[in-house]
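Numbering (the UniProt record's numbering), first residue to last: 1 to 219. For glycine and all other residues, C-beta sits at the position ideal for the given N, C-alpha and C. Worksheet for the structure shown next.
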C-alpha cells in the first residue's frame, strides 16, 4: 500500500500552501470534497484544477483532460481563458525551453487548446445530475485521457428541490460511492465543490461538509 501511495499521481492546485495541506495536491484515485461559504472562490479553484490537469508531462503535469459538471451556471468561459493564459505564463517561466523541445508541448500551450480539453456538462436538475453521473463510466471508457472530474456544486439541486431529507441523504450517499468507484477504476481525481452546512454537535452548531463521511479528503 505504501508503494502505491508513493506512485500516486497528484494535480497541483496552483497554491503551494494548499498543495502541502493536501499532501502534494489533488490525488488521483480519490474523492476530494472542497467546501466553503458562497463567494470564497470554490469555482475558481475548480476551473484552476481543470486547467492544471492539462499541464504537459514534460512540464511536470499529467497531460490529461477534465470533465466539469456545472450545476449552478457559474462556469464562465472568459474566466477559464484568463486562467489558461496564466497557466501558460507560469509554464514558460519555469520551463522556458519546453515548447522548443517538443512539438506536442508547443501545440498544447494555447488557451484555446486548454478550453477544448474541458468536457463541460451543464446540469439543471438533480435528475439530470444523477443521469450524468450514471453515464460517466461509459463516457470515461470512451475518453481514457480524462484525469479529473469536477462537480460544482455537488448538492446544489438537492438542496433546492429535494424536500425528503432522509431520501436526499441516501441518494447523495449512493452517488458518492459511485464517484469513489469511478476515481479508483479510471485512475482519476474526483473533486466535489460544496457549500458548508451547519450540524448540531455536542450542544452547539458547527460548520461541516455535506458528504464528509463518504470522501477521502476534505478541505
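Residue j beta carbon less than 7 angstroms from that of residue i
i: residue 67; j: residue 146; result: yes
i: residue 111; j: residue 81; result: yes
i: residue 25; j: residue 43; result: no
i: residue 192; j: residue 72; result: no
i: residue 175; j: residue 133; result: yes
i: residue 194; j: residue 154; result: yes
i: residue 91; j: residue 59; result: yes
For residue j and residue i, the rounded distance between their alpha carbons
i: residue 36; j: residue 196; result: 5 angstroms
i: residue 115; j: residue 56; result: 15 angstroms
i: residue 19; j: residue 30; result: 15 angstroms
i: residue 222; j: residue 126; result: In the structure as shown, the chain begins at 1 and stops at 219. Residue 222 is therefore absent and cannot be evaluated.
i: residue 28; j: residue 164; result: 33 angstroms
i: residue 96; j: residue 166; result: 54 angstroms
Three-state secondary structure (DSSP) of residue i
i: residue 186; result: coil
i: residue 93; result: helix
i: residue 145; result: coil
i: residue 34; result: strand
i: residue 117; result: coil
Residue nearest to residue i in terms of C-alpha spacing, selected from the options
i: residue 105; options: 64, 79, 175, 186; result: 64
i: residue 48; options: 71, 59, 88, 38; result: 88
i: residue 119; options: 96, 41, 50; result: 50
i: residue 62; options: 9, 76, 169; result: 9
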